Every structure is written in C-alpha cells, then in structure tokens.
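**Q** Structure incoming, see below.
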Amino acid sequence: MDQKESVRDITPWDGTLSSSDFFSAACAFSEKWKRFNASVPPWLWVPSRKHHLLSSHKEEGYLSLEGMCLIKSSEEQESCRSQTWKEESSISQEEEAVENATLVQSSCDEVNHYDFHIVYSPSYRVPVLYFRSYHSDGQPLPFGEIEKDLPDHSAKIRSESKWTFITQEEHPYLNRPWYKLHPCGTSEWMKLLFLGDTALNKNGFVIEHYLVSWFSVIGQVVGLKIPLGMLETVSC
Amino acid sequence: MSKKEGALLQFAPMQSSVDEGFWHRFSSLKLNKLGIDDSPLPIIGFYAPCSHSQVSNHLTLLAESLPSESSDSSLVPEPSSGNRNKCSVPGILYNTNTMEGFHALDKMKLLKEEAAKIWNDIVTGKAVEDCSMLSRFLLISFADLKKWSFHYWFAFPALMLDPPAALVNLRPASQWLSAAEAESLSTACNEWRNSKSTADVPFFLVTIDPQSRATIRLLKDWDACQSDAHKILFGFYDPCHLPNNPGWPLRNFLALISAKWNLKSVQFLCYRENRGFADMGLSLVGEALITVSEGWKDTMPNAVGWELNKGRKVPRCISLAQSMDPTRLAVSAADLNLKLMRWRALPSLNLSALSSVKCLLLGAGTLGCQVARMLMAWGVRKITLVDNGKVAMSNPLRQSLYTLDDCLNGGSFKATAAVESLKRIFPAVEAEGVVMAIPMPGHPVNSQEQESVLDDCRRLSDLIDAHDSVFLLTDTRESRWLPTLLCANTNKITITAALGFDSFLVMRHGAGPFSHAHGFNAETAISSSSDVHKIKDAKGKHRLGCYFCNDVVAPTDSTSNRTLDQQCTVTRPGLAPIASALAVELLVSILHHPEGIFAEGDISSNVIGTSEQPLGILPHQIRGSLAQFSQMTLVGYSSSSCTACCDTVLSEYRNKGMEFILQAINHPTYLEDLTGLTELMKSATAFSLDWDKDDDDGGGDEDCVEI
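Chains L and D supply the protein sequences, listed in that same order.
Each step along the first sequence adds one to the number in the numbering used here, with nothing skipped, and position 193 is 195.
Each step along the second sequence adds one to the number in the numbering used here, with nothing skipped, and position 428 is 964.
Structure representation (structure tokens):
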C-alpha cells in the first residue's frame, strides 16, 4: 500500500481508490453526513465478509442507508396490486368475534421505502450505489414504479450521459438482485471532478473528499441531495 | 371518586412487512431442509417504536427471522438481542404444501391457540419476565416454489376485554407532562434505548417522582414502584404514528395489567421516536378505563387479530419471480449485457430487431452449432434447426452443442439434441428442431419416394416462408440449391457458409430478381428481353450474386470451388468457428443496414473509418485461408444463367411449382438445359466421399451424394 501512495503523488490520478481507502472515505463521508444532514437517516457501516481467498480486510463491508420513506398520495396508488381473492380463504363475520376496538382506516397512503447501499467494486475500483424499493408490506417495486419516484432531471441525466445508467444486478453481499448505477464511467468523471484542485496530490485529501464528491453526482440521479456544507473543503 | 366515562378505545392494527430476504431464505430452507414437512416452525418478528411522524412501523420479518440452514442447527432461529431497531417477538409459521391446504387451515383454531399461549404467559407471570411474549404472532403461508409466489396471512392475537376498554383522554406526552418531567423522561428513554440490556424491551414502567424525575423500570419491578407520590405510566414501544390512536401492543398490555394487577384505570405512554430520539410530541399519554367483571380473568378471553388486506379479511400474496426465478434472472442478465454494449459502444444497436428476427439454420453440424450459439449471444431468440442426421461419436468434438450422451444408443437426432442443448444454455430461447432431409438436384427419386420428397420440398418452402433469415450450413453443394432458390423467390436474407480443408467462404446472397413490394410478376420478367432486367433487382441495382452465381461469374477457377464441399467434412477445426462467427456478424450487419438485403457489397480497405455504418462495412463475400491466416472481401454480381437465382429459373418455378423442382431433382440436365449451363451437372454427379463412418444409416443422408 505504501508504494501505491507514493506513486499517486507522482503520477496523474486515475479516479479510482483502493479497498482500504474506500473504508476511510466511507467513515469520513458518514461522519460529515451526520453532521450536516441530521434530518435524514444516517449512513451506517455494515461489516460483511465475502468468501475471499485474500480477505484479510477487517474493514470489508458497505455503507447502508435504509428506510427512506416516500409517501405517495392516495391518487397515485396503483390498483394493479390488489388481488382478487375468492371468499374461500376469508373469515366469515360469524367466525371471528364481533368487535369494534380495532380501528378501521378508510384510506391509507401508500409508502415506498428505499434502501441505499454504497458498495466498493474491486474490479472497477470505485464505489457503486445499489438501491431497492419496496412497499410497506415488503413487495418489491418494479423499475417502472421506481422511475416514477426519481426526480425529473434524473431521466435527463441518464439519457444524456453515457456514464450514468441504472442496471439490475446481483448485490455482491446479499445475493439478490438490486438496482445499481453502473460504475463503468465513474473513474472518468471522478478524475474530472478533482481536476484543477491544487491539493490534488495529497492523498488524504482525495480519500477524505472522494465519497462526498462522488455522491454529489450520483445522488442527483436518485434524488438524494447533499447539503452544500458537506461540499466545502475542510482545510486543516 | 367520580365515575369517569370515555369513548371506546380503538387501537390501530399492527401491520406486517415481509422483507424479500425472508422468502428467499424460506424457499431455500424448504428446498434443502424441510421438504414436505409442514409442522409449525418457530420464527422471530421484529419491530421498533415509530420513528416517523407520518409512517407507522411494521412488524417485520427478515431473513434472520428463520433458523439457519446448517445441518447441525436445530430448527430454531437465533435470537438477536440488544438491537434497538429490532425488538424480537416470538412467532410461529404454519406453511402448507398446497393451496388447498392453505385455504383449509382452521384459522380460528390457530388464532385461539396462539392467544392461549399469550394468556398463559400472562397468568403464569412469564409475560412479566419476558414482555416480548405479549406481542406473539402467527403466520400462515403457502410458498409456491414453481411460480415463486407466496400467499400469506398474519394474525396478531389480541385478548379482548369484555366489555372493551374506554378511553378517557389521549394527548401528546408533551402536553400531559410538565416541561421538566418531559425532559427527564426523554433522557431516561434515550438511556433505556441506548443500553444494550434494555434497548429491545418493548414494555416498561415509568415512575415520575414529585421532583419531576422520571425513572424507567422493567415490568417485574412493579412492586418497587408502589408509592403514592409517584405518577405511574405504563409505557410501551408504539409502532403506530397516528395522533389519536394507540398501537396494537397496548391491547395485550392492558389485559396483563388487568389480570395481574387488577387496575381499573390505566395511564399509558405510547412511546414514539423521531430520528432515533425520544419525541414527547409524537409520543402519546392516555388514560384507559377497564370495566371487566370479577370473573373475567378466570377463563381465557376471546381473541381477534387476523390482519386485514386493504380492508378485507383475505390473505396477501407476493410475487418474487422477478428476483428468484433463475430463467428470468438469466434473461435479464443477457439483456443487460447487450444493453451495456449499446450504451457504451454502439448506441445504434437495434436490440429489438435482434430479439425478433426468426432464423432458420439448415444444418446442425459444425457450422450449425456454432451459428446457433453466436446468434444467442447476439440476443437472437427464435432459432430453428433443420438436420436429418444423428449425432455421431466424432461429432461432439467439433459440433459445440453435443456431448457424449447425445451419441449413445445410436445417437439422438441432431435437430432435437441441438434444441435441447440450446435450452440448457439459455432457457428463454425459442428453439425448434426439424428432422428432415433437403431434396437435392441430380439425385433422382423413384416413384415410391416421390411423394415424401415433394412433402419435404413443401415443408422446406413453408419453413423458409416462416422465417426472416436463412443460414445455409449444410456440407454439400447440392443441398444448398433448393434453399437458395426458395430464398431468392421470397427475398429472404440468406447467408451461406462453406468450408474447404483450410479455407472458407461466407457470403450473403443478393436480393431475388423479383420484389413483392413492387408487384413484379413472372410474366413481365420473362417477356422482358433486356439483359439488364435479368440481373437487376426491383430497385434497379445490380443484384449481388448467390452461392451458385459464383460458379460462372467469379474469376477463380471452378475446380477449387467444386472441391470445397467434397472435402468439407475434413477441415481444420478452427475454420468452422471462424466461418460461423463471420456468418452471424454478417447477419447482424445486414439487420443494421438501412437497405438490408439490397445493400451494396463493400470491400474492406486500408483506410480506417471510411464506412458510414456504425458496425463497419457490409461485405458481400468473405473468403479466408488458414494457411495464410488471411481473409479478403469480394463482391460478385448475379449471373443471368444462375441455376438457382436467375429469373428464368425462378419464373419456371413460379409457373410450375413442385413439378419444376421434381424435374430438377430427377433430371440432371434439366437445369442446364433451362439455363444453358453444364457446370452444375458435372458437380452434381461427382462422387462425394462420406468421411463419417459412424452414422451409416443409408440413403437420404445429407452427408453424401450417390451417383
């Protein structure tokens, strides 16, 4: 690792970071997020272990932000989710004790729950945003539904930029299909983001601000805002 | 003491939420461990106090709600403890093996059994020791592991007070408490919630002393709380967010309080949070009046609790086929691959054209197997293979769809084995196999065979009509004649691949002399005496040649062309994959060219980037040599005397139909007389060796031509 750090000082940076740098960057990011974004759930580090041949990393895992709720008004509710059940598996009025102590709600707002994970990709050497959405009862949302929740400019970004598109792939730790923003262009635009920064060659700087800068771009695609306070560079 | 009255106390029902991971793990458990065993399974549910002013928390099931799959563990899930966001409550799962079984479950009986457990825990005092028992729940389900859909129904048993409790008042805690009390209580709650030993204890006692100090205690410390000076609140984690109703856990809590401590008036605290901290504005304090009779606690009370589904007493269903069905996952992975290609490198890639094109492969040998695989890699889904041979012992080495199993017991039919192999590779392929021989000119048939040969001709004609693109991948020249004619007649995209010992030819046939779009008819074509018309297609351009046009027009010597097919069964192994790959790439290029089959033939040049098309040039012919490791592109135009695609021949076919075909097959000189050629006759009667000694099943075999 030492050799790598010195190399980075000399040669132009390629926009990527190592796995252990990711851990440091993740800690810095979640710290700042808690400080500047207290009204939103925090990013938590989830330590995980994959069956690696070379897993010596104690700090292997991913950042998780779960339980973002998007409340949909009743007009937007989809009726296609309702099942037409025959009465063969219901409970007749006589069977269950008649009682009035249960509150019966006439209409319920539908809520879309979102979970976001920031996972390190060893092959691209960049962080990747994974996300999924589900209704309150657990039923996963299809992408068509998620797309309605994304901000308007998200579709614009995704169609214009050849670097930003959403695919569905297996989550590296949970072994289930999650949606993700494909990482193939990440290193390219990360390079551009840090271009012109005089402090570029200082390793600590890059690592500390990597995820914040990365998220300022990625977050837009999924509608997660990053407060300006986080973007200001901390001079220490 | 004034008698207080109140309105009926109405509780917000508990709501369930099942994470996908629960169903994934349950399916795995069922498939690997449980099998058809449908005995009840203990599970763990999780809930936490409400943390959002507009969204209630749910009783959640996760993957860890189920026992792990390792063989040495008992079928009991590992309890988690100390997690403030996951208060564990015990539950039981009844999963049936059939839909009928699911409907037939006695729901009232099951609810009563679980309610009885709660009542028993209350009466014996166990619930005071471990209060999470109060929120015990029941889940019935039917997991349909073929369709990956799960039918399920939760019940949250609640013991009924008779008569029901009345609500005297209910308001935010911040209004009921003084400022000092509220602050003290918040602090106490936050400590309670941050301490690993109490974070997940969902029922507790709150005492507030005259100095406004709040203390939180476990239920078993009830006696220690007895002091007139203190205010006592019965607190519980309330998942509900509603401002006017307490959550479901209060029901069994009140039953406990009445049965154990005989209280008539209960001050309760619906504990709720905001962003992880105690929130006295969201939390509610209320007073309930219990007016049950003396003997109420002597018998088990009635219970309610089946969860409603959008207001109706019916089960719920969740479909996870999208994320669990392996075939669907394979399809979406394949689509992703192609989409990535389009996004990153080739924005004009027409994926829908590729997935909808219908390809007919004549021949399922070395070329056919490779072409089929390459087509699938490009996203082509509709593939038909025609071959009348059986898989021979030497085939699996060079014919990439077959394995040794296909050779046993005399060998499976290639067309059938190929289709099965394709489906094993990619289940969503729409592949069909046709076991059929292709009739060939110069191979006369006797009167007995005539009808069946005519049948084959018609069948071939129908097959060609039903597809968009035809690959000629047989290993004799003669077998290519009839398909070429039929394709030229219907303007189908036709691609030929032919192998020599160390050389290959891959080419696309030009458009036929007629075009349906222009309504050209046979009479007009024949009556035209102009030579120009005979070699031009309906668009007036020079038609590119077909495989048989080359015989006359190509400037190479015809002997090397003749030997091409005769030696094709002995070829350098590398040739077939190369030629097959080029054949498929050629098709993809045609499909992306705006003029399609009418496109002119390009020749590769040294100047890079001269092509206007994103996929590059669209050649007519590609001839390669392994001896030279070289490859060149050529253009050949159609011949007016071509035995397969000239308008004379095609008009004759259009006029006489099958009769014409039969004559061509039976009389070797017929075609040459018609077109004035002698070359074809020489080739048709030449002796072709069959090198494949293993499938010696006699005549009608495409691999050899008998004199």
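Glycine included, C-beta positions come from ideal geometry on N, C-alpha and C.
All of these numbers come straight from a predicted model, not from anything done at the bench.
If you draw a straight line from the C-alpha of residue 729(D) to the C-alpha of residue 569(D), how long is it?
**A** Residue 729(D) and residue 569(D): Cα-Cα distance of roughly 37 Å.
**Q** Name the two residues that bound the continuous beta strand (DSSP E) containing residue 115(L).
**A** Its beta strand (DSSP E) spans residues 112-123.
**Q** Nearest CA to the CA of residue 727(D): which residue from 750(D), 1117(D), 688(D)?
**A** The residue with the shortest Cα to Cα distance from residue 727(D) is 750(D).
**Q** Going along the chain, which residues of its own chain have a beta-carbon closer than 7 Å to the beta-carbon of residue 839(D), five neighbours each way excluded?
**A** Taken in chain order, the residues that qualify are 647, 648, 651, 693, 694, 695, 696.
**Q** Cα separation between residue 596(D) and residue 557(D)?
**A** So the two alpha carbons sit approximately 11 Å from each other.
**Q** So is residue 555(D) in contact with chain L if we call contact Cβ pairs under 8 Å?
**A** Chain L contact via Cβ: present.
**Q** Could you tell me which uninterrupted beta strand (DSSP E) segments, each at least 3 residues in length, are contained entirely in the segment 739-818 of chain D, listed from first to last along the chain?
**A** List check, beta strand (DSSP E) in window: 739-744, 750-753, 767-773, 801-807.
**Q** Cα separation between residue 860(D) and residue 188(L)?
**A** If you take the alpha carbons of residue 860(D) and residue 188(L), they lie about 29 Å apart.
**Q** Taking the Cβ atom as the reference point for each residue, do residue 679(D) and residue 563(D) lie within a distance shorter than 8 Å?
**A** Result yes, Cβ atoms of residue 679(D) and residue 563(D) sit closer than 8 Å.
**Q** So, are the CB atoms of residue 1003(D) and residue 894(D) less than 8 Å apart?
**A** Yes; because the gap between Cβ atoms is below 8 Å, this pair is in contact.
**Q** With a threshold of 8 Å between beta carbons, is residue 934(D) in contact with chain L?
**A** Not one chain L Cβ lies under 8 Å of residue 934(D).
**Q** Under a Cβ-count criterion, where at least 16 other Cβ atoms within 10 Å of its own Cβ denotes burial, should residue 129(L) be classed as buried or exposed?
**A** Flag for residue 129(L) reads buried.
**Q** Beta-carbon separation of residue 865(D) and residue 877(D) under 8 Å?
**A** No.
**Q** Quick check on DSSP: helix, strand or coil for residue 1047(D)?
**A** Three-state DSSP puts residue 1047(D) in coil, outside helix and strand.
**Q** Under 8 Å Cβ-Cβ, which residues of chain L neighbour residue 547(D)?
**A** What residue 547(D) touches in chain L: 103, 104, 105.
**Q** If I follow the unbroken alpha helix (DSSP H) through residue 149(L), where does it start and stop?
**A** First-last of the alpha helix (DSSP H) with residue 149(L): 145-151.
**Q** Return the chain-ordered list of same chain residues with a C-beta closer than 6 Å to the C-beta of residue 232(L), the five sequence neighbours on each side being excluded.
**A** These residues qualify, in order along the chain: 34, 38, 214.
**Q** How about residue 819(D) and residue 738(D): are their beta carbons less than 8 Å apart?
**A** No, Cβ-Cβ distance for residue 819(D) and residue 738(D) is not below 8 Å.
**Q** Pick out the complete alpha helix (DSSP H) segments inside the segment 814-879 of chain D, 4 residues or longer, and give them in chain order.
**A** Listed in chain order, the complete alpha helix (DSSP H) runs (minimum 4 residues) inside the segment 814-879 of chain D are 857-860.
**Q** Would you mind reading off the limits of the beta strand (DSSP E) that contains residue 1032(D)?
**A** Residues 1029-1035.
**Q** Looking at the C-beta of residue 151(L), does it have a partner C-beta in chain D at a distance below 8 Å?
**A** By this cut-off, residue 151(L) is not an interface position.
**Q** Where does residue 104(L) fall in DSSP's three states?
**A** Residue state, collapsed to three classes: strand.
**Q** Going along the chain, which residues of the segment 558-577 of chain D sit with their C-beta nearer than 7 Å to a C-beta in chain L?
**A** Per Cβ criterion, the list reads 560.
**Q** Give, in chain order, every residue of the segment 848-862 of chain D whose Cβ lies closer than 9 Å to some Cβ of chain L.
**A** Listed in sequence order: 848, 849, 850, 851, 852, 853, 854, 855, 856, 858, 859, 860.
**Q** By the 10 Å Cβ neighbour count, where 16 or more other Cβ atoms means buried, how is residue 106(L) classified, buried or exposed?
**A** Residue 106(L) is exposed by the Cβ-count criterion.
**Q** Under three-state DSSP, which class holds residue 554(D)?
**A** Residue 554(D) falls in the strand class under three-state DSSP.
**Q** Please say whether residue 548(D) and residue 822(D) have beta carbons closer to each other than 8 Å?
**A** Going by C-beta atoms, residue 822(D) is not nearer than 8 Å to residue 548(D).
**Q** Where do the N-terminal and C-terminal ends of the alpha helix (DSSP H) with residue 707(D) fall, by residue?
**A** Careful: residue 707(D) lies outside any alpha helix (DSSP H), inside the beta strand (DSSP E) at 702-708.
**Q** Just to confirm before moving on: does the CB-CB distance between residue 611(D) and residue 561(D) stay below 8 Å?
**A** Against a cut-off of 8 Å, the Cβ pair of residue 561(D) and residue 611(D) comes out as no contact.
**Q** Counting C-beta neighbours from all protein chains within 10 Å, is the total for residue 733(D) 16 or more, i.e. buried, or is it exposed?
**A** That one is exposed.
**Q** What does residue 189(L) touch in chain D if you count any residue whose Cβ is under 8 Å from its own?
**A** Near residue 189(L) there are no residues of chain D at all, since even the closest Cβ is about 14 Å away, more than 8 Å.
**Q** Does chain L have any CB closer than 8 Å to the CB of residue 880(D)?
**A** It does: the Cβ of residue 880(D) has a partner Cβ on chain L nearer than 8 Å.
**Q** In its own chain, which residues sit with a C-beta less than 8 Å from the C-beta of residue 1(L), not counting the 5 before and 5 after it?
**A** There is simply no residue 1(L) to check, as chain L begins at 3 and stops at 238 in what is shown.
**Q** State the CB to CB distance for the pair residue 1181(D) and residue 1082(D), rounded to an integer number of angstroms; the pair is presumed to be in contact (CB under 8 Å).
**A** Confirmed, about 4 Å.
**Q** Kindly indicate which three-state DSSP category residue 180(L) falls into: helix, strand or coil?
**A** DSSP places residue 180(L) in strand when its eight states are reduced to three.
**Q** Less than 8 Å between CB atoms is the rule here; does residue 3(L) satisfy it with respect to chain D?
**A** Any reading at residue 3(L) must be qualified, since the residue scores a pLDDT of 46, below 50, and its modelled position is unreliable; no value is offered.
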